[in-house]
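J.: The structure is given below, and queries will be raised subsequently.
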Amino acid sequence: MEYMIFAYSDEQQRLDFAPGSPEFQEMMGAWMRFNQELIESGAFISGGGLASTDTATTLTRQADGAESITDGPYAETKEQLGGYYVVEAPDLDAALAIARKIPIPAASFEVRPIQFRPDASTGDPQGG
Amino acid sequence: MRSDVEQAIDHLVRHDAGRVIAVVARRFGDLDLADDAVQDALIEATTRWPDDGVPDNPAAWLHQVARRKAIDALRRSTRVARRLRAAEPELAFGDGEVDAVGRGADDGRRGVDGSVVMTDGGFDPGDERLRLMLLCCHPALDADSQVALTLRLVAGLTTDEIAAAFFVPTPTIAQRITRAKRKIRTAGIPMHLPGERDDLDAEPGPGPLGDRLGFVHTVLYLVFNEGYLSRSGASGAHRVDLCAESIRLTELLARLDDGDPETLGLLAVMRFTHARRDARFADDALVLLDEQDRSTWHLDEIGAGNDVLHRALSQQRPGSFQLQALIASHHANARTASDTDWPSIVALYDQLAAMRPSPVVALNRAAAIAMADGPDAGLRALDAAAADHGDTLDRLHLTHATRGELLARSGRGGAAAAAFSRALELAANPAERTHLERRRRSVEA
């Protein structure tokens, strides 16, 4: 199965180490190890970190077709989507085990099965 | 009087349906399919057994017929191609047996020692049932669904019985079960034991089953408490006894998990508590522990609780249910209320509050301190607990009932009456309300 893992965390609490500092090196090392392991295990399909929500733009279309564009994320909440992974995993427990290893100190990881992906290479033609 | 066939089917539903569902679900990788197949097989039993007689080995009969039903359903299913691939060896093997069952030939298959052989291919039905319990209590399901699924699939209760036990409409329970099964299927919640797959790190937590066992404990404890608290003298003849059911399931779990000390601790808590059932109510009013008629306590069950607790403690892996069981054992083994070793109970509550702090633990600790060191010490502990758990404690009727008792004992009748009034605003259980009203009248007098 394919799952999407959404990583939500408080942007104010996000670590902001100076590039080159030991803390920065350690954080980058943890991310590189995690990503490398995920790719080598064959579970990685796509994913990455997002720029902060002050760069977000939301396009909203009403039922009558009217559109509006606003500055900012869809939902103004303390915890914001900061990154995502799309992974191949045999079941929910395996997907949760991947989420558990994502090296963010304080975050919520929402794990959802992907029902449909047009470019899926290993789909199930019979449907689920 | 019920016929032999009805009794045999009842027994089958309660004792064997759960493990047959577990085995079939595991074999076909589809819980919903397994549940439907077992229900269909049970219906077939009700129509065939009155004429054919009860098979020698009803559990094996149920397994074979359910497996045939599952295969039939798969063949009809639109999902047929994918599932058939997964189940190919099963189908090749299953056909021969289906014929045997269809001809009414020897239904039961027995091992050389005469024991029931339910499965082929190395599956252990005990493990399958443990997998089913872990699946039903998976943390990805909400608590209500965990309870409904466990009672329905593991305990073999009907949707009607679960609904009656929890005082909710049957469609509510049916909907919960349907939604939970849908989530299991769509989200891919697996039926495997943590750590049994080498592509996964073991779950966090102590013991081979990690945290997962803790979720099962929580569900079983919740079911027990529901049964315990709803014992308000209401007509219970047609209602399933949730206390007895949760004890049965916890005993089963203790057999399946090799006697995990916390499972045994939970079982001991249930045994000690349930042993006092006949003393808890008089004239539809709650009777507090120190006023209960201890001659009505079931001593054999207290003895069983002591044995189970001993088995748990001897493993020297402490846990919160073992601490609760130790507290309950002090009460259960005290001949009279005045024999109760309150200082030891306070020390156990100290440990419990350190291990798993909660408003209820803080409240019970304050009540124990009052018994050990007097009502004023208890009131001080209650104030300290309120400072730690403010709003939550204030919303519990038990907080105000306890405060009322302590104030009454320290001779402050007016303040005690006010506390009982506040408790009455929050209490819902009729037996508890009757008790509180009596207490309020007695301190006002």
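These protein sequences, in sequence, are chains A and B.
Each step along the first sequence adds one to the number in numbering that gives the first Met the number 0, with nothing skipped, and position 124 is 123.
Each step along the second sequence adds one to the number in numbering that gives the first Met the number 0, with nothing skipped, and position 105 is 104.
Just so you know, even glycine gets a beta-carbon here, dropped at the ideal spot from N, CA and C.
Looking at C-alpha atoms only, which residue of B:G52, B:I161, B:A278 is the closest neighbour of L287 (chain B)?
T.: Position 288 of the second sequence, counted from the start, is the residue given in the question as residue 287 (chain B). Comparing Cα-Cα distances from L287 (chain B) to each of B:G52, B:I161, B:A278, the minimum goes to B:A278.
J.: Give the residues from the stretch 180 to 193 of chain B that approach chain A closer than 7 Å (Cβ to any Cβ), ordered along the chain.
T.: T185, A186, G187, I188, P189
J.: Which residues of chain C have a Cβ atom closer than 9 Å to the Cβ of L37 (chain A), listed in chain order?
T.: Of the chains in the structure shown, none is chain C; the protein chains are A and B.
J.: Look at L435 (chain B) and G413 (chain B) and say whether their C-beta atoms are less than 9 Å apart.
T.: Here the question's residue 435 (chain B) lines up with position 436 in the second sequence. Here the question's residue 413 (chain B) lines up with position 414 in the second sequence. Taking 9 Å as the Cβ cut-off, L435 (chain B) and G413 (chain B) do not qualify as a contacting pair.
J.: Note down, in chain order, each residue of its chain lying with its Cβ closer than 7 Å to the Cβ of Q12 (chain A), except the 5 sequence neighbours on either side.
T.: Here residue 12 (chain A) refers to the residue found at position 13 of the first sequence. Only A105 meet the Cβ criterion.
J.: Closer than 9 Å, CB to CB, is A400 (chain B) near chain A or not?
T.: Locating residue 400 (chain B) in the second sequence gives position 401, counting from the first residue. Taking Cβ atoms only, chain A never reaches closer than 9 Å to A400 (chain B), which makes this a no.
J.: To the nearest angstrom, how far is the alpha carbon of P54 (chain B) from that of W48 (chain B)?
T.: Start at 1 with the first residue of the second sequence, and residue 54 (chain B) comes out as number 55. Start at 1 with the first residue of the second sequence, and residue 48 (chain B) comes out as number 49. In this structure, the straight-line span from the alpha carbon of P54 (chain B) to that of W48 (chain B) is close to 8 Å.
J.: Which word fits A74 (chain A), buried or exposed, when buried means at least 16 other C-beta atoms lie within 10 angstroms of its C-beta?
T.: In the first sequence, residue 74 (chain A) corresponds to position 75, counting from 1. Exposure of A74 (chain A) is indicated by the presence of fewer than 16 other C-beta atoms within 10 angstroms of its C-beta.
J.: Using a Cβ-Cβ cut-off of 9 Å, state whether M3 (chain A) counts as contacting chain B.
T.: In the first sequence, the residue the question calls residue 3 (chain A) occupies position 4. For M3 (chain A), the answer is no, since every Cβ of chain B falls outside 9 Å of its Cβ.
J.: Starting from D15 (chain A), trace the beta strand (DSSP E) in both directions and tell me its first and last residue.
T.: Your numbering for residue 15 (chain A) matches position 16 in the first sequence. Note, D15 (chain A): premise wrong, no beta strand (DSSP E); not H, not E.
J.: Determine the burial state of S8 (chain A): buried for a count of at least 16 other Cβ atoms within 10 Å of its Cβ, exposed for fewer.
T.: The residue given as residue 8 (chain A) occupies position 9 in the first sequence. With 16 or more Cβ atoms within 10 Å of its Cβ, S8 (chain A) is classed as buried.
J.: Using the beta-carbon of each residue, which ones in chain B are nearer than 8 Å to P112 (chain A)?
T.: Along the first sequence, read from residue 1 onward, the residue named residue 112 (chain A) stands at position 113. The contacting residues are T185, A186, G187.
J.: In terms of alpha-carbon separation, which member of B:Y220, B:Q291, B:E300, B:L208 lies closest to G258 (chain B)?
T.: Stepping through the second sequence from its first residue, residue 258 (chain B) is reached at position 259. The shortest Cα separation from G258 (chain B) among B:Y220, B:Q291, B:E300, B:L208 belongs to B:L208.
J.: List, in order along the chain, the chain A residues whose C-beta lies closer than 7 Å to that of A7 (chain B)?
T.: By one-based count along the second sequence, residue 7 (chain B) stands at place 8. What A7 (chain B) touches in chain A: nothing, since even the nearest Cβ is about 37 Å away.
J.: Would you say A139 (chain B) reaches chain A, if we count a Cβ-Cβ gap shorter than 9 Å as a contact?
T.: Indexing the second sequence from 1 puts residue 139 (chain B) at position 140. So yes, A139 (chain B) belongs to the interface.
J.: Which value, in whole angstroms, describes the spacing of the CA atoms of A21 (chain B) and P170 (chain B)?
T.: Counting from 1 along the second sequence, the entry for residue 21 (chain B) is found at position 22. Counting from 1 along the second sequence, the entry for residue 170 (chain B) is found at position 171. Roughly 24 Å separates the two Cα atoms.
J.: Nearest CA to the CA of L251 (chain B): which residue from B:A186, B:R270, B:R128, B:E300?
T.: Against the second sequence, residue 251 (chain B) aligns to sequence position 252. Out of B:A186, B:R270, B:R128, B:E300, B:R128 has the C-alpha closest to the C-alpha of L251 (chain B).
J.: So if I threshold CB-CB distances at 8 Å, which residues from the stretch 4 to 21 of chain A count as touching chain B?
T.: Cβ contacts with chain B: none found.
J.: I need the straight-line Cα distance from P21 (chain A) to T54 (chain A), nearest angstrom please.
T.: Position 22 of the first sequence holds residue 21 (chain A). Position 55 of the first sequence holds residue 54 (chain A). Rounded to whole angstroms, P21 (chain A) to T54 (chain A) spans 28 Å at the Cα level.
J.: Between which residues of its own chain and I4 (chain A) is the CB-CB distance below 6 Å, once the five residues before and five after are set aside?
T.: The residue you call residue 4 (chain A) lines up with position 5 of the first sequence. So the qualifying residues of the chain are Y84, A98, F108, V110.
J.: Less than 9 Å between CB atoms is the rule here; does P117 (chain A) satisfy it with respect to chain B?
T.: For the purposes of this step, residue 117 (chain A) is taken as the residue at position 118 of the first sequence. Closer than 9 Å: no.
J.: State the Cα-Cα distance for the pair D34 (chain B) and A88 (chain A), rounded to the nearest angstrom.
T.: By one-based count along the second sequence, residue 34 (chain B) stands at place 35. By one-based count along the first sequence, residue 88 (chain A) stands at place 89. So the alpha carbons of these two residues sit roughly 26 Å apart.
J.: What is the rounded straight-line gap between the Cα of F33 (chain A) and the Cα of E25 (chain A)?
T.: Position 34 of the first sequence, counted from the start, is the residue given in the question as residue 33 (chain A). Position 26 of the first sequence, counted from the start, is the residue given in the question as residue 25 (chain A). Their Cα atoms are separated by approximately 12 Å.
J.: From E449 (chain B) to I42 (chain B), what distance separates their C-alpha atoms?
T.: Here chain B comprises residues numbered 0 to 444, so residue 449 (chain B) is not present and cannot be evaluated.
J.: Does M3 (chain A) come out as helix, strand or coil in the three-state DSSP assignment?
T.: Here residue 3 (chain A) is taken as the residue at index 4 of the first sequence, counted from 1. Note: M3 (chain A) maps to strand in three-state DSSP.
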